[in-house]
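For the sequence shown, my numbering assigns the number 57 to the initial residue and increments by one for each residue that follows. Report on the structure given below.
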Amino acid sequence: MIIEKYEAKSLIRTSKRSPHHIHLNIYQGCFHNCSYCDGKSEEYFMHDDYNNKIRAKINAPELLEKYLINKGFLPINREKTNTLLDFIPQSNRKKISCDNPKFIINIFGNICDVYQPAEAELTITRKVLQVAYDYGFPVRILTKNALVLRDIDLIKKINQDTFARVAFTITLSNQQEQLIFEPNASSTNERLSALNKFREEGISAGGYITPVIPWIGDTKTNLMELFQRLKDARADFVITGGLTLKPGRNKEDFLKIIGEHYPELLILYDELYRNNSIYGQPDMEIWGKCKLLNPIKQGYQMSKEYGINFFEPRYIPEGTLRTNLEMATILSRIAFLMGEIYEESWQKAYKIREAAIELENNPSDISLMKFDEILTLPYEKHVFRHIIEILQTRKSSYLIKKEDNSQLFVINDDFFSKNSPSLR
Ligand code: SF4
């Protein structure tokens with residue numbers, strides 16, 4: 057592994073679709089070398105030798121601090137600042153803190169793992185966490201490396217001050233298989249044991265089963281074992297997602313590994329991803345012919361069976377409009393069930409999801425609006441029906457009915473991939 061340290065110009069990624077979050081890519085490149093890694097896709101303009109040359113933004117803590125200062129925030133938890141802040145007792149500092157809404161600092165990105173081996177020596181992620189703590193900001197972390205346990209002291213302090221969550225991507229229960237696809241990450245055992253330690257410390261922690269690898273990760277044994285082990289580790293949520301293979305390095309590297317270790321599946325993968333979708337989506341016609349199930353539906357149903365939340369429980373940052381965000385969360389959940397799980401209407405689900413994003417960005421508190429004002433919001437009729445009901449009752453009858461329907465799919469052998477798959 058070659059580590060190249062450099063002073064980056066930018067670090068923070070924001071999105072209108074998720075205005076109460078910022079994302080940080082502290083490194084470029086990732087030594088974990090997962091064969092399905094999307095980060096090496098040409099669309100991100102990463103360097104060659106993505107898995108062996110790790111570019112480290114050594115000034116990431118300073119860049120984050122500069123960003124927070126520009127937004128008007130102060131290092132209220134820092135012991136020594138050499139400013140007037142030092143003369144204000146710690147207990148009063150929150151009162152002089154700026155009124156701007158806070159956001160969640162997501163210490164992860166799609167082009168690196170922030171706890172990959174280089175971090176053991178460089179400690180940039182730890183310094184970034186320290187800045188988040190100093191300025192009183194909540195954090196979320198997503199990793200495949202148990203090195204995150206090194207920072208449990210700091211993560212605990214952040215959790216006591218505001219909020220911290222640690223998620224682990226976990227894809228394969230069998231260690232031999234896991235090593236084929238994620239050769240340099242911590243083992244599934246190590247990740248689950250780290251998850252359990254965070255839960256013991258009262259920190260929210262859960263699992264991302266992404267990607268569910270067709271014919272390998274979507275088998276009965278793998279999925280049942282992963283859900284059981286997540287339950288045993290007391291994960292407070294689980295999320296599942298499918299495999300995308302974007303044309304170029306992403307797809308080529310993955311198919312190379314399939315050819316080496318599962319040659320009998322190569323023809324199926326070739327067919328399944330023959331459409332070369334720029335988003336890496338499989339060809340749904342072939343998907344149907346192969347009788348593969350939607351991994352999100354699989355995960356949703358299994359989360360019910362195992363009694364684990366499907367979706368991360370939401371943390372609402374200080375200074376944000378609570379009713380708007382709670383309403384947006386319920387609307388997103390309705391859109392998810394309507395579009396992804398029950399497949400009732402993609403168009404309706406899309407409009408509800410857009411309304412949720414609009415509410416997240418709306419600077420006016422919807423709970424203080426008059427009925428006439430609410431009706432001027434740019435939503436469609438069916439969206440208003442949900443909004444009015446949620447405002448009046450604080451719940452959604454649609455959601456209650458659908459979430460209670462535990463018999464959505466029967467989990468039998470047809471629910472999982474077959475041992476000898478075919479296109480017929
Ligand atoms: S841990 Fe994430 S970023 Fe790193 S190689 Fe694996 S998929 Fe890519």
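From the three backbone atoms N, C-alpha and C, an ideal C-beta is built for every residue, glycine too.
Checklist entry - In terms of residues, what are the limits of the beta strand (DSSP E) holding K127? => result If you number the sequence shown from 1, residue 127 lands on position 71. Counting along the chain, K127 falls outside any beta strand (DSSP E), and DSSP gives it neither H nor E.
Item to check | Spatial distance of S71 from G315 (CA atoms) | outcome: Your numbering for residue 71 matches position 15 in the sequence shown. Your numbering for residue 315 matches position 259 in the sequence shown. Roughly 38 Å separates the two Cα atoms.
Next on the checklist: When you compare the stretch 186 to 206 with the stretch 103 to 112, are there three or more beta-carbon pairs, one atom per stretch, that lie closer than 8 Å?
Outcome noted: no
Item to check | Contact set for I82: own chain, Cβ-Cβ below 7 Å, skip 5 residues either direction | outcome: Stepping through the sequence shown from its first residue, residue 82 is reached at position 26. Contacts found: K113, A116, C168, V170, I180, T181, V184.
Item to check | By C-beta, the residues closer than 5 Å to any heavy atom of the ligand SF4, given in chain order | outcome: C86, H88, C90, C93, G95, D169, K200
Item to check | Distance between I397 and I45 (C-alpha atoms, nearest Å) | outcome: In this structure the chain extends from 57 to 480, so residue 45 is not present and cannot be described.
Checklist entry - Could you give the residue range of the alpha helix (DSSP H) that holds N162? => result The sequence position of residue 162 within the sequence shown is 106, counting from 1. Element bounds for N162: not the alpha helix (DSSP H) but the beta strand (DSSP E), 160 to 163.
Checklist entry - Helix, strand or coil: how does DSSP classify G262 here? => result Indexing the sequence shown from 1 puts residue 262 at position 206. DSSP places G262 in strand when its eight states are reduced to three.
Item to check | Any alpha helix (DSSP H) of 4 or more consecutive residues that is wholly inside the stretch 352 to 439 | outcome: As far as the stretch 352 to 439 is concerned, its whole alpha helix (DSSP H) runs of at least 4 residues are 378 to 392, 402 to 417, 427 to 431.
Checklist entry - Quick one: Cα of T218 to Cα of L124, how far? => result Here residue 218 refers to the residue found at position 162 of the sequence shown. Here residue 124 refers to the residue found at position 68 of the sequence shown. In a straight line, the C-alpha of T218 is about 16 Å away from that of L124.
Checklist entry - Mind checking whether G336 and K312 have CB atoms under 8 Å apart? => result The count along the sequence shown starts at 1 and reaches residue 336 at position 280. The count along the sequence shown starts at 1 and reaches residue 312 at position 256. Cβ atoms of G336 and K312: not closer than 8 Å.
Next on the checklist: In this structure, how does DSSP classify A241 when only helix, strand and coil are distinguished?
Outcome noted: Here residue 241 is taken as the residue at index 185 of the sequence shown, counted from 1. Coil at A241, not helix or strand.
Checklist entry - Counting pairs of Cβ atoms below 8 Å between the stretch 404 to 423 and the stretch 376 to 383, do you hit three or more? => result yes
Item to check | Local Cβ density within 10 Å of N166, reported as buried at 16 or more and exposed below that | outcome: As a first step, residue 166 must be located in the sequence shown, where it is residue number 110. Residue burial is scored here from C-beta neighbours: N166 has fewer than 16 other C-beta atoms within 10 angstroms and is therefore classed as exposed.
Next on the checklist: So, for V439: in the same chain, excluding its five sequence neighbours on each side, which residues have a beta-carbon less than 6 Å away from its beta-carbon?
Outcome noted: Against the sequence shown, residue 439 aligns to sequence position 383. K407, I408, A411, listed in sequence order.
Next on the checklist: Are the CB atoms of I160 and P373 within a distance shorter than 8 Å?
Outcome noted: For the purposes of this step, residue 373 is taken as residue 317 along the sequence shown, with counting starting at 1. For the purposes of this step, residue 160 is taken as residue 104 along the sequence shown, with counting starting at 1. Taking 8 Å as the Cβ cut-off, P373 and I160 qualify as a contacting pair.
Next on the checklist: Suppose you measure from the CA of K109 to the CA of I59; what does that come to, to the nearest Å?
Outcome noted: Residue 109 sits at position 53 when you count from the first residue of the sequence shown. Residue 59 sits at position 3 when you count from the first residue of the sequence shown. Their Cα atoms are separated by approximately 6 Å.
Item to check | Among Q172, E257, F293, nearest to A223 - alpha-carbon criterion | outcome: Working through the sequence shown from its first residue, we reach residue 223 at position 167. Among Q172, E257, F293, the Cα nearest to that of A223 belongs to F293.
Next on the checklist: One question on the structure: do G192 and C154 come within less than 8 Å of each other, judged by their Cβ atoms?
Outcome noted: On the sequence shown, residue 192 is found 136 positions in, with the first residue counted as 1. On the sequence shown, residue 154 is found 98 positions in, with the first residue counted as 1. No.
Checklist entry - Taking the alpha carbon of L279 as the point to measure from, which residue in G297, E257, S229, T300 has its own alpha carbon closest? => result In the sequence shown, the residue the question calls residue 279 occupies position 223. The option with the nearest alpha carbon to L279 is S229.
Next on the checklist: Short of 8 Å in beta carbon distance, which residues of its chain neighbour K287, apart from the five on each side in sequence? Order them along the chain.
Outcome noted: As a first step, residue 287 is located in the sequence shown; it is residue number 231 there, counting from the start. Counting only Cβ-Cβ distances below 8 Å, and skipping sequence neighbours, we find Y362, G363, I364.
Next on the checklist: Please state whether the Cβ-Cβ distance between A261 and L251 is less than 8 Å.
Outcome noted: Looking up residue 261 in the sequence shown gives position 205. Looking up residue 251 in the sequence shown gives position 195. For A261 and L251, yes; Cβs fall inside 8 Å.
Checklist entry - How many angstroms separate the CA atom of N495 from the CA atom of E177? => result What is shown of the chain runs 57 to 480, which leaves residue 495 out entirely.
Item to check | Close Cβ partners of L198 (< 6 Å) along its chain, the five nearest in sequence each way excluded | outcome: Taking the first residue of the sequence shown as position 1, residue 198 is located at position 142. Excluding sequence neighbours, L198 sits near F164, A223.
Checklist entry - Should D26 go down as buried or exposed, given a rule of 16 or more other Cβ atoms within 10 Å for buried? => result This structure does not reach residue 26, given that the chain is present from 57 up to 480, and the question cannot be answered.
Next on the checklist: Tell me the residue span of the beta strand (DSSP E) that contains L311.
Outcome noted: Along the sequence shown, read from residue 1 onward, the residue named residue 311 stands at position 255. L311 -> not in any beta strand (DSSP E); alpha helix (DSSP H) instead, spanning 305 to 317.
Checklist entry - Alpha carbon to alpha carbon, what distance is there between N306 and L80? => result The sequence position of residue 80 within the sequence shown is 24, counting from 1. The sequence position of residue 306 within the sequence shown is 250, counting from 1. Going from the Cα of L80 to the Cα of N306 covers about 22 Å.
Item to check | Proximity winner among Q172, K213, G298, I152, relative to M57 (alpha-carbon distances) | outcome: Looking up residue 57 in the sequence shown gives position 1. The shortest C-alpha separation from M57 is found at Q172.
Checklist entry - Can you tell me whether E308 is buried or exposed, with buried defined as 16 or more other CB within 10 angstroms of its CB? => result To locate residue 308, count along the sequence shown from 1; it is residue 252. Under this definition E308 is an exposed residue.
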